[in-house]
Amino acid sequence: MAVQIAVIDDWQDVAREVVDWSVLAAVGKVNFLHEFPADNDTLAERLDGYEVICVMRERTRFDEDLLRRLPRLKLLVTGGMRNAAIDIKAATALGITVSGTDSYKHAAPELTWALLMALSRNLLVEANALRGGLWQQGLGGDLHGKTLAILGLGSIGQKVAQFGQVFGMKVIAWSENLTPERAASVGVTYVSKQALFERADILSVHLVLSDRSRGLVDAEALAWMKPDALLVNTARGPIVDEAALIRALQNHELAGAALDVFDQEPLPVDHPLRTLPNVLATPHVGYVSRQNYELFFSQMIEDIDAWAVGEPIRVLS
């Protein structure tokens, strides 16, 4: 009997076109599902009967309860080699293999820089004004000579730091694991946490979400920032205290924010971050690029082929 394969989290209905899924015909039937994440009762009904499920990173949550409700599930394949939305320990205990893929390393830093530049130059307001028949609404800010503060100098943070250096910015960084020596090795100045926020003209967040980083950018940290500073978050929404950020933006204690990630995704229709005039928001498209999707889906196919012959690859543990 053919294996039933579901490709979920395909919100834009693009998965079937990015790669050639017909190569899996010998393994089973591929089905494409476009619904947003839901409660476990709905998900258990939606996904019942599938032996293989392909997911995007950290969209639909597969906790132990949901995994137990999917008795036919044998293989979960995720985009990327890390997915905090999957309970790997529970999956392993239930005999479910979890495999991952490589990631295109340039998509997220490029999106970060696009948002940073658009926010600093007030491009959303200017572009919308132009469409409305108006002309030149205000003054944007320059980047040269300004201080770019990087919260988390990992692979993405380092690329964003390099962009800042090319634009003539002073680049500083802090994280709990960062050392002055490691920062200096990429031409970045290590500072304390408080100094990072106090000196930032633009603060860009690039931490992995964990118990330690959740809520790290809280009301106190935001209060350290200059009122004309900008915040950019393309990492994970819960790293920033969303309520505190909204208050700071509403009270003009912070000049603006560019956000690609949120506490709840998709962002509720009536959420204030959709309407605040000093917010530039995008719908978590940091890794949503053609090159990245081609890599994700082609390697998902490889993972399924390898699992089908009893030799799973890129197994997460």
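Residue numbers (the numbering used here): 25 to 341. In this text, a Cβ means the ideal position worked out from N, Cα and C, and glycines have one as well. In this text the structure is predicted, and so the values were computed from the model without any measurement.
With a contact defined as Cβ atoms closer than 8 Å, Ala108 and Glu82 qualify at about 6 Å.
Exclusion of the five residues before and after Gly119 leaves Lys98 as the residues of its chain whose Cβ lies within less than 8 Å of its Cβ. For Leu297, the closest alpha carbon among the candidates Tyr317, Val309, Asn316, Gln274 is that of Gln274. Beta bridge pairing from DSSP links Lys53 with Gln28.
In the three-state reduction of the DSSP assignment, Val184 falls in the helix class.
Taken through DSSP and simplified to helix, strand or coil, Leu167 comes out as coil. Nearest to Pro301 by C-alpha distance, out of Pro262, Asn152, Pro307, is Asn152.
Secondary-structure assignment with DSSP links Leu99 through a beta bridge to Val76, Thr121. Judged by their CB atoms, Glu69 and Arg96 are not nearer to each other than the 7 Å cut-off.
Here the segment 305-322 lies against the segment 27-45, with 3 or more beta-carbon pairs under 8 Å apart. Note on Ser179: under 16 other CB atoms within 10 angstroms of its CB, so exposed under the neighbour-count rule.
With a beta-carbon spacing of about 38 Å, Leu231 and Gly156 fall beyond the 8 Å limit used to define contacts. For Leu139, the number of other beta carbons within 10 angstroms of its own is at least 16, and it is reported as buried. Residues of the same chain with a CB within less than 7 Å of the CB of Ala268, apart from the 5 flanking positions on each side, are Asp242, Ala243, Leu246 in chain order.
Tyr317 sits in a helix when the DSSP states are folded into three classes.
Comparing C-alpha distances from Thr306 to each of Val212, Leu283, Arg85, Asn146 shows the shortest one belongs to Leu283. DSSP places Leu269 inside the alpha helix (DSSP H), whose first and last residues are 266-274. Contact annotation: Val122 and Ile112 have beta-carbon atoms nearer than 7 Å. When Cβ pairs closer than 8 Å are counted between the two stretches, the segment 218-236 is seen to touch the segment 249-266, the count reaching three or more.
In the DSSP secondary-structure assignment, Leu304 is bridged to Ala282.
Relative to Val27, the option among Leu291, Asn55, Glu266 whose CA is nearest is Asn55.
When the five nearest sequence neighbours on each side are left out, the beta carbons in the same chain lying within less than 8 Å of the beta carbon of Thr116 are those of Val122, Ser341, in order along the chain. Residue pairing by DSSP places Phe191 opposite no residue, since no beta bridge is assigned to it. About 5 Å separates the CB atoms of Phe221 and Met249; that is less than 8 Å, so the two are in contact. Check the Cα spacing between Asp34 and each of Ala253, Phe60, Leu154: the tightest is with Phe60. Taking 7 Å as the cut-off, the Cβ atoms of Leu227 and Val195 do not count as close.
Here Leu163 is exposed: its Cβ has fewer than 16 other Cβ atoms, across all protein chains shown, within 10 Å. Secondary-structure assignment with DSSP links Ser228 through a beta bridge to Ile174, Val256. When rounded, the separation of the alpha-carbon atoms in Thr84 and Trp331 is 22 Å. Under a 10 Å Cβ-count criterion, Ala50 is classified as exposed, with fewer than 16 other Cβ atoms of the shown protein chains found around its own Cβ. Annotation: Gln288 to Phe86 spans about 16 Å, alpha carbon to alpha carbon.
Put simply, the backbone Cα of Tyr214 is about 21 Å away from that of Thr136. Between Leu254 and Ala272 a beta carbon distance of about 12 Å is seen, past the 8 Å cut, so the two are scored as non-contacting.
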